[in-house]
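Participant:
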Amino acid sequence: MAHSIPEGNGLVIDTPFGRIFHTGDWKLDDQPQMGTPSTPEQMQAIGDSGILAMIGDSTNVFNARASGSEAGVRDGLLEVIRARKTGRVLVTTFASNAARLHTLGQVAIETGRQVCVVGRSMDRILGVARATGYLKDFPPVLSFDAAARLDPSKLMIICTGAQGEPAAALSRIASGSHQHLKLDRGDCVIYSSKEIPGNELSIGIVQNALATRGVEVITERQAHVHVSGHPGKPELEAMYGWIRPEIAIPVHGERRHMEAHAKLALEIGVPRAMVPMNGTAIRLAPNGPKLIGHEKVGRLVLDGDVILPADGATMVQRRRIMHNGYLSATVVLNGSGKLAARPSIVTQGVPVEEDHKEFLAECAEAAEDAARKGNPRDEAKFAESIRVAIRRVARDWTGKKPVTDVQVVRI
Numbered sequence: 198m199a200h201s202i203p204e205g206n207g208l209v210i211d212t213p214f215g216r217i218f219h220t221g222d223w224k225l226d227d228q229p230q231m232g233t234p235s236t237p238e239q240m241q242a243i244g245d246s247g248i249l250a251m252i253g254d255s256t257n258v259f260n261a262r263a264s265g266s267e268a269g270v271r272d273g274l275l276e277v278i279r280a281r282k283t284g285r286v287l288v289t290t291f292a293s294n295a296a297r298l299h300t301l302g303q304v305a306i307e308t309g310r311q312v313c314v315v316g317r318s319m320d321r322i323l324g325v326a327r328a329t330g331y332l333k334d335f336p337p338v339l340s341f342d343a344a345a346r347l348d349p350s351k352l353m354i355i356c357t358g359a360q361g362e363p364a365a366a367l368s369r370i371a372s373g374s375h376q377h378l379k380l381d382r383g384d385c386v387i388y389s390s391k392e393i394p395g396n397e398l399s400i401g402i403v404q405n406a407l408a409t410r411g412v413e414v415i416t417e418r419q420a421h422v423h424v425s426g427h428p429g430k431p432e433l434e435a436m437y438g439w440i441r442p443e444i445a446i447p448v449h450g451e452r453r454h455m456e457a458h459a460k461l462a463l464e465i466g467v468p469r470a471m472v473p474m475n476g477t478a479i480r481l482a483p484n485g486p487k488l489i490g491h492e493k494v495g496r497l498v499l500d501g502d503v504i505l506p507a508d509g510a511t512m513v514q515r516r517r518i519m520h521n522g523y524l525s526a527t528v529v530l531n532g533s534g535k536l537a538a539r540p541s542i543v544t545q546g547v548p549v550e551e552d553h554k555e556f557l558a559e560c561a562e563a564a565e566d567a568a569r570k571g572n573p574r575d576e577a578k579f580a581e582s583i584r585v586a587i588r589r590v591a592r593d594w595t596g597k598k599p600v601t602d603v604q605v606v607r608i
């Protein structure tokens, strides 16, 4: 299946109750710059075999036009870059879009520009693609030093950061904080990417920083420099015409995309459709589709050598500490349950710097007062009263509620 990555695949899954077709990420492109596209004849043959259910990409269901070919992007980039006779050209795109990297490499060769690749994820994708037999004709990549010495009109920079990520290469170049590369008046930045909803503010900050430096910014609104890797409405209609499933299961998109996809499938003539949520368990046959349950799903994170749920207790506490800091009190009691010493207070990441000693002293005083009023025979309530007292001090000082622990030591 054509997509923005090579070797995109759909899945034909045979079951005792019927055949299922999962499209994966796909589009129609009879002139892909990388990989082998599926053909109408192949899709028609899958449909002729009888399909119980099609599970399909919904991302661009609202696009009235087809996604377009990568070959068209190549022509658009050639036109834009050839028109820039002076100055550097920087192109930012999704690092995972290996097909776009191939296009940019060819455009660089045809426009007489040498290439500098910026961003760890871009470097990694380029290396993996080459190691697996792709991008063999990608031009040699300049070092930062060589790129800095080169005539600006002979340089193309390919860069991460198309979505305005603060730590990405483009954000640092735009702010002037990148260690090796600078952009000046007369240079041009091309966004060969889609603006993902929710990232508008971050992208705008970067583009305004570029404009402040006198850098020209070109997006898909001004020139044909990007096409999506997902099918528009005409492509979905064509796919349903070939596959002709009994059931449509829209996936890959927000709820509004999947609902619109289901409506389109029914209008085309698919007998039944069901819109799932993450974790939805659907019985397709017999007598389906039918919702039969819901499973807990979510992201996993690798923390050191341990895999944890992203929304589990450990990561939730880690985020709380990140945003609010950490506060610890150690209270030492003698054999009769009285304070044997002034409480010891330790902080990590609590935003008090100039008056830190005074802050610690006030926390210790609050802990001491709570300890004197508390009942040490009920250790849990005793420690909780101290925890509440010192966290109240932190809230009054900082407006935050640090993660707070109290250790009671008896001697």
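Numbering of the sequence shown is given in this note's numbering, commencing with residue 198 and proceeding in unit increments. Ideal placement from N, C-alpha and C gives every residue a C-beta, glycine not left out.
Quick one: residues in its chain with C-beta nearer than 7 Å to the C-beta of residue 605, no 5 flanking neighbours on either side, listed in chain order?
Facilitator: The answer, listed in chain order, is 528, 530, 576, 579 and 580.
Participant: Taking the alpha carbon of residue 550 as the reference point, which residue from 585, 319 and 591 has its own alpha carbon closest?
Facilitator: With distances taken between Cα atoms, residue 550 lies closest to 591.
Participant: To the nearest angstrom, how far is the alpha carbon of residue 411 from that of residue 384?
Facilitator: So the two alpha carbons sit approximately 8 Å from each other.
Participant: Tell me, which residues are paired with residue 254 by DSSP?
Facilitator: Partner(s): 448.
Participant: Could you pull the start and end residues of the alpha helix (DSSP H) that residue 477 belongs to?
Facilitator: Not the alpha helix (DSSP H): residue 477 falls in the beta strand (DSSP E), residues 477-480.
Participant: Going by DSSP, which residues form a beta bridge with residue 525?
Facilitator: Paired residues: 543 and 602.
Participant: Please name the residue in 285, 331, 207 and 217 whose C-alpha comes closest to that of residue 482.
Facilitator: It is 217.
Participant: So, helix, strand or coil for residue 506, using DSSP?
Facilitator: Strand.
Participant: Rounded to whole angstroms, what is the Cα-Cα separation between residue 422 and residue 512?
Facilitator: Each residue's Cα considered, the two are about 39 Å apart.
Participant: Quick check on residue 587: buried or exposed, where buried means 16 or more other Cβ atoms within 10 Å of its Cβ?
Facilitator: Residue 587 comes out buried.
Participant: Out of 242, 248, 226 and 559, which has the shortest C-alpha to C-alpha gap to residue 174?
Facilitator: The question about residue 174 has no answer here: the residues shown for the chain are numbered 198 through 608.
Participant: Looking only at its own chain, which residues have a Cβ that is under 8 Å from the Cβ of residue 450, when we skip the five neighbours before and after it?
Facilitator: Hits under 8 Å: 254, 255, 256, 258 and 458.
Participant: Note down, one range per segment and in chain order, each alpha helix (DSSP H) of at least 4 residues found wholly within the stretch 328-409.
Facilitator: Counting whole runs of 4 or more residues, the stretch 328-409 contains the alpha helix (DSSP H) stretches 341-346, 366-372 and 397-409.
Participant: Is the beta carbon of residue 229 closer than 9 Å to that of residue 268?
Facilitator: Cβ distance < 9 Å, so residue 268 and residue 229 count as in contact.
Participant: With a threshold of 16 other CB atoms inside 10 Å of the CB of residue 206, please say whether the residue is buried or exposed.
Facilitator: With fewer than 16 other Cβ atoms within 10 Å, it is exposed.
Participant: Between the Cα of residue 199 and the Cα atoms of 211, 220, 215 and 210, which residue gives the shortest distance?
Facilitator: That would be 220, whose Cα lies nearest to the Cα of residue 199.
Participant: Hey, residue 429 and residue 294 are a contact pair by Cβ (cut 8 Å); roughly how many whole angstroms apart?
Facilitator: The pair is not a contact, with the Cβ atoms about 18 Å apart (cut-off 8 Å).
Participant: Check the DSSP bridge columns for residue 218 and list the partner residues they point to.
Facilitator: Paired residues: 209 and 251.
Participant: Does the stretch 310-324 come close enough to the stretch 343-361 that 3 or more CB-CB pairs lie under 8 Å?
Facilitator: Cβ pair count under 8 Å is three or more, so yes.
Participant: Quick one: using the 10 Å Cβ neighbour count with 16 as the cut-off for buried, is residue 232 buried or exposed?
Facilitator: Burial call: buried.
Participant: If contact is defined by three or more beta carbon pairs under 8 Å, each pair taking one atom from either stretch, is the stretch 267-285 in contact with the stretch 458-470?
Facilitator: No: fewer than three Cβ pairs fall under 8 Å.
Participant: Does DSSP classify residue 497 as helix, strand or coil?
Facilitator: In the structure shown, residue 497 sits in a strand (DSSP, three-state: E or B).
Participant: Reducing DSSP to helix, strand and coil, say where residue 413 ends up.
Facilitator: The answer is strand: DSSP assigns residue 413 an E or B state.
Participant: Flag this pair as yes or no: are the beta carbons of residue 285 and residue 387 separated by less than 9 Å?
Facilitator: No, these two residues do not count as a Cβ contact at 9 Å.
Participant: Span of the beta strand (DSSP E) holding residue 490?
Facilitator: Looking at the DSSP string, the run of the beta strand (DSSP E) that includes residue 490 is 487-491.
Participant: Between residue 419 and residue 331, what straight-line distance do the alpha-carbon atoms span, to the nearest angstrom?
Facilitator: Cα to Cα, residue 419 sits roughly 30 Å from residue 331.
Participant: Who pairs with residue 607 in a beta bridge, going by DSSP?
Facilitator: DSSP output for residue 607 lists 530 as bridge partner(s).
Participant: Answer with buried or exposed for residue 555, where buried requires no fewer than 16 other C-beta atoms within 10 angstroms of its C-beta.
Facilitator: The residue in question, residue 555, is exposed, as its Cβ has fewer than 16 Cβ neighbours within 10 Å.
Participant: In chain order, what residues of the same chain have a beta carbon less than 8 Å from the beta carbon of residue 227, not counting five sequence neighbours either side?
Facilitator: Cβ within range, chain order: 234 and 266.
Participant: DSSP state of residue 303, grouped into three classes?
Facilitator: Three-state DSSP puts residue 303 in a helix.
Participant: Are the beta-carbon atoms of residue 583 and residue 545 separated by less than 9 Å?
Facilitator: No, Cβ-Cβ distance for residue 583 and residue 545 is not below 9 Å.
Participant: Classify residue 570: buried if its beta carbon has 16 or more other beta carbons within 10 angstroms, exposed otherwise.
Facilitator: Burial call: exposed.
Participant: What is the residue span of the beta strand (DSSP E) that residue 289 lies within?
Facilitator: It spans 286-289 - the beta strand (DSSP E) in which residue 289 sits, taken as one unbroken run.
Participant: Identify which residue in 563, 299 and 525 has its Cα closest to the Cα of residue 334.
Facilitator: Ranking the options by Cα distance to residue 334, first place goes to 299.
Participant: Taking residue 241 as part of the alpha helix (DSSP H), name the residues at either end of that continuous run.
Facilitator: That run of the alpha helix (DSSP H) goes 237-245.
Participant: Using the rule of at least 16 other Cβ atoms within 10 Å of the residue's Cβ for burial, across every protein chain shown, is residue 360 buried or exposed?
Facilitator: By the 10 Å Cβ count, residue 360 comes out buried.
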